[in-house]
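In my numbering, the protein residues as written are 147 to 514.
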């Protein structure tokens with residue numbers, strides 16, 4: 147493993163690239179912000195909003211894909227309070243036990259901003275079957291949910307004639323991935339690798355039929371061309387911490403006083419449910435990094451953390467999966483702890499990890 151010389155991101159992150167000096171493209175892209183005319187870009191954003199404002203008379207004129215999180219609060223604030231649009235919010239529930247913060251936040255985003263929310267609650271029986279299959283075979287237990295998070299807003303935007311579909315950041319461009327080109331359009335969002343890499347035919351068996359996956363189908367290319375999905379991060383300097391600070395002023399709650407997560411270095415991202423966090427943590431056995439690395443890298447770029455302190459936090463937290471996440475995950479899917487850890491054990495990348503004398507996996511190339 148090689149690590150970025152500016153932040154702490156390894157070259158094992160899928161799709162990430164480094165320049166000849168050993169610096170990752172997310173760091174390079176962040177530096178490019180200094181040369182961007184943000185006033186000009188915001189005017190472009192205003193022009194787009196003006197184009198669609200009152201497209202349905204006094205009805206909805208845009209749609210925002212939300213989870214209730216800090217970024218969702220920021221996006222709705224921007225569209226409703228700043229741009230004076232009339233957004234319809236759309237979300238996908240994951241059926242997991244929710245944290246108290248999660249319960250509060252999804253209600254708060256509707257009540258605070260005065261917005262309707264359309265929520266998809268997936269078939270729980272099917273969700274469990276698919277989660278077990280994609281967890282055991284691919285190490286991607288929430289693939290089904292993530293797929294719906296991408297396809298459902300597109301379907302609803304077409305249904306409600308709201309071509310302006312608003313997303314937060316371009317994940318690949320901001321944090322590393324296959325899409326290195328900065329573009330405001332999110333028409334290719336399904337191709338970012340999060341939920342586009344498992345062929346449907348590999349999921350079909352005696353209990354799972356192709357018709358069960360109907361909501362996982364993307365609209366056709368012709369239908370998507372009728373939409374104008376956008377990344378807010380193209381028009382505004384995207385910053386997770388600034389979004390969090392704004393969200394708090396509108397009633398967003400983090401996990402303070404509720405839960406101190408052992409594999410995170412913050413308490414405000416992905417706070418809705420514990421079980422879901424198994425999925426992002428599984429990047430650790432597969433790629434040698436997880437959520438602590440993700441946020442430490444951002445904090446270095448934002449000037450909030452030295453690389454030395456980031457290294458300390460990553461080495462302490464990244465592989466330290468929180469037991470409450472395991473509890474909720476196993477209870478929901480019916481695994482014993484022994485079964486769960488046997489599956490996880492098989493996912494460790496032996497090119498990156500080696501077992502020590504007490505049977506614990508350790509990185510061969512530790513961050514230092």
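Every residue, glycine too, gets a C-beta built ideally from N, C-alpha and C. Remember, it's a predicted structure, so these values are computed and weren't measured experimentally.
Just to confirm, does residue 474 get its C-beta within under 8 Å of one of the non-hydrogen atoms of the ligand NAD?
The model on display carries no ligand, and the ligand NAD is accordingly not part of it.
Check for me: the beta strand (DSSP E) holding residue 235 runs from which residue to which?
Position 89 of the chain shown, counted from the first residue, corresponds to residue 235. Its beta strand (DSSP E) spans residues 233-238.
Does residue 420 pass the burial test, meaning 16 or more other C-beta atoms within 10 Å, or should it be called exposed?
Start at 1 with the first residue of the chain shown, and residue 420 comes out as number 274. Around the C-beta of residue 420, 16 or more other C-beta atoms lie within 10 Å, and the residue is accordingly described as buried.
Report the option in 310, 513, 327, 344 whose CA atom is closest to the CA atom of residue 199.
Locating residue 199 in the chain shown gives position 53, where the first residue counts as 1. Out of 310, 513, 327, 344, 310 has the C-alpha closest to the C-alpha of residue 199.
Starting from the N-terminal side, write out each stretch of the alpha helix (DSSP H) that is 4 residues or longer and does not extend beyond the region 427-498.
Along the region 427-498, the alpha helix (DSSP H) occurs as fully enclosed runs of 4 or more residues at 429-433, 437-447, 453-463, 469-479, 483-493, listed in sequence order.
Between the C-alpha atoms of residue 260 and residue 288, what's the straight-line distance to the nearest angstrom?
As a working mapping, residue 260 is identified with position 114 in the chain shown. As a working mapping, residue 288 is identified with position 142 in the chain shown. Approximately 30 Å between the Cα atoms of the pair.
Are the CB atoms of residue 464 and residue 243 nearer to each other than 9 Å?
Indexing the chain shown from 1 puts residue 464 at position 318. Indexing the chain shown from 1 puts residue 243 at position 97. For the pair residue 464 and residue 243, the CB atoms are not nearer than the 9 Å cut-off.
Is the separation between the beta-carbon of residue 300 and that of residue 233 shorter than 9 Å?
For the purposes of this step, residue 300 is identified with residue 154 of the chain shown, where counting begins at 1. For the purposes of this step, residue 233 is identified with residue 87 of the chain shown, where counting begins at 1. The answer is no: Cβ separation not under 9 Å.
Which of helix, strand or coil does DSSP assign to residue 156?
Counting from 1 along the chain shown, the entry for residue 156 is found at position 10. Here residue 156 sits in strand by DSSP.
Limits of the alpha helix (DSSP H) - the one that residue 222 falls within
Translated into positions along the chain shown, residue 222 becomes position 76. Its alpha helix (DSSP H) spans residues 216-222.
Determine the extent of the alpha helix (DSSP H) in which residue 313 is found, giving its start and end residues.
Here residue 313 refers to the residue found at position 167 of the chain shown. First-last for residue 313: 311-313, but that is the beta strand (DSSP E), not the alpha helix (DSSP H).
Do the region 349-361 and the region 179-199 make contact, defined as three or more Cβ pairs closer than 8 Å?
No: fewer than three Cβ pairs fall under 8 Å.
Any chance the region 436-456 sits against the region 498-507, with 3 or more Cβ pairs inside 8 Å?
Taking 8 Å as the limit for Cβ pairs, the verdict is that the region 498-507 does not touch the region 436-456.
Would DSSP call residue 405 helix, strand or coil?
Start at 1 with the first residue of the chain shown, and residue 405 comes out as number 259. Three-state DSSP puts residue 405 in coil, outside helix and strand.
I believe residue 434 touches residue 509 by the beta-carbon criterion, under 8 Å. Please report the beta-carbon distance rounded to the nearest angstrom.
Along the chain shown, one-based indexing puts residue 434 at 288. Along the chain shown, one-based indexing puts residue 509 at 363. The pair is a contact, with the Cβ atoms about 6 Å apart (cut-off 8 Å).
By Cβ distance below 7 Å, which residues in the same chain neighbour residue 169 in space, the five residues on each side in sequence not counted?
Along the chain shown, read from residue 1 onward, the residue named residue 169 stands at position 23. Cβ contact annotation for residue 169 (same chain, cutoff 7 Å, sequence separation greater than five): 150, 151, 152, in chain order.
Quick check on the DSSP output: the beta strand (DSSP E) that includes residue 211 runs from which residue to which?
Looking up residue 211 in the chain shown gives position 65. Per DSSP, the continuous beta strand (DSSP E) segment holding residue 211 begins and ends at 208-211.
Looking at residue 314: is its Cβ nearer than 9 Å to the Cβ of residue 405?
Residue 314 sits at position 168 when you count from the first residue of the chain shown. Residue 405 sits at position 259 when you count from the first residue of the chain shown. Taking a C-beta distance under 9 Å as the contact criterion, residue 314 and residue 405 do not qualify as a contact pair.
For residue 323 and residue 191, what's the separation of their Cα atoms in angstroms?
For the purposes of this step, residue 323 is identified with residue 177 of the chain shown, where counting begins at 1. For the purposes of this step, residue 191 is identified with residue 45 of the chain shown, where counting begins at 1. The alpha-carbon of residue 323 is positioned some 25 Å away from that of residue 191.
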